[in-house]
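Just below is one structure, and these are the notes that go with it.
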Amino acid sequence: MLLNGDPVGFDLDPETPLLFALREAANLTGAKHGCSDGSCHACTVLVDGRPVRSCRQSIASMEGAVVTTIEGLSEGAGHAVQRAWIEEGVSQCGTCDPAFILSAVALLETDAAPDEATLAAIPVRCPCGSGARARKAIARAARSMAAAAPPTGEGTARDMESTPEKPSD
Ligand code: FES
Ligand code: FES
Numbered sequence: 057m058l059l060n061g062d063p064v065g066f067d068l069d070p071e072t073p074l075l076f077a078l079r080e081a082a083n084l085t086g087a088k089h090g091c092s093d094g095s096c097h098a099c100t101v102l103v104d105g106r107p108v109r110s111c112r113q114s115i116a117s118m119e120g121a122v123v124t125t126i127e128g129l130s131e132g133a134g135h136a137v138q139r140a141w142i143e144e145g146v147s148q149c150g151t152c153d154p155a156f157i158l159s160a161v162a163l164l165e166t167d168a169a170p171d172e173a174t175l176a177a178i179p180v181r182c183p184c185g186s187g188a189r190a191r192k193a194i195a196r197a198a199r200s201m202a203a204a205a206p207p208t209g210e211g212t213a214r215d216m217e218s219t220p221e222k223p224s225d
């Protein structure tokens, strides 16, 4: 796999969940282990640009994939979503932040102006109650990215299908 831009191979059981390989072998601890049933989405990373629960993916299934964790998202001043996170004061315990931010980055790639229902459908859970501020920050990031974007002609990212991972039952 290509992990945050670097080719990486793990000398681990191929069925090892990606989450544990990231956290324990690659020392990338941004993705969090928040549950044991696939419900929290705190372990979300981007795989080929889409949000994926890393606890549900084996490293074998990641062969050839492009994996991005929060550590690889940006350099310097950070991504617009990260800046909006700070400006809106979203963080409390911080457990859900990497997953929320990466999910937002993927969403904004396909929907430049997500509505409330779309934001509410982001499956990352925040038991600390930061969800409303997170959604506000994503909307802020969308506005700042739109303001920074050059004018476009026909056909925008909004026309593309949004494919956030859905919550599990
Ligand atoms: S750790 Fe909760 S869904 Fe992966
Ligand atoms: S889980 Fe604590 S801030 Fe979201």
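Count the sequence shown with the numbering used here and you get residues 57 to 225, in order. Don't be surprised by glycine CBs; every beta carbon is placed ideally from N, CA and C. Every value quoted in this text rests on a predicted model; they were computed, and no experiment measured them.
Can we count residue i as close to ligand 1, meaning its CB is less than 7 Å from some heavy atom?
i: A77; result: no
i: S95; result: yes
i: G90; result: yes
i: A116; result: no
i: R106; result: no
i: A98; result: yes
i: R109; result: yes
Per DSSP, which residues does residue i bridge with? Please list them.
i: T100; result: R109
i: P124; result: Per the sequence shown, the amino acid found at residue 124 is Thr instead of Pro. In the DSSP output, where bridge partners are listed per residue, T124 has L102.
i: L68; result: For L68, which the question treats as bridged, DSSP gives no partner whatsoever.
i: D62; result: L59
i: S114; result: P73
To the nearest whole angstrom, what separates the beta carbons of residue i and residue j, a pair I think is in contact under 8 Å?
i: S159; j: V180; result: 6 Å
i: C99; j: L75; result: 5 Å
i: R191; j: A176; result: 7 Å
i: G86; j: I142; result: With 8 Å as the limit, G86 and I142 do not qualify as a contact, their Cβ atoms being about 16 Å apart.
i: C182; j: C152; result: 4 Å
inquiry  = Beta-carbon distances below 5 Å to any heavy atom of ligand 2 define the shell here; list its residues in chain order, please.
reply    = Q148, C149, T151, C152, C182, C184, S186
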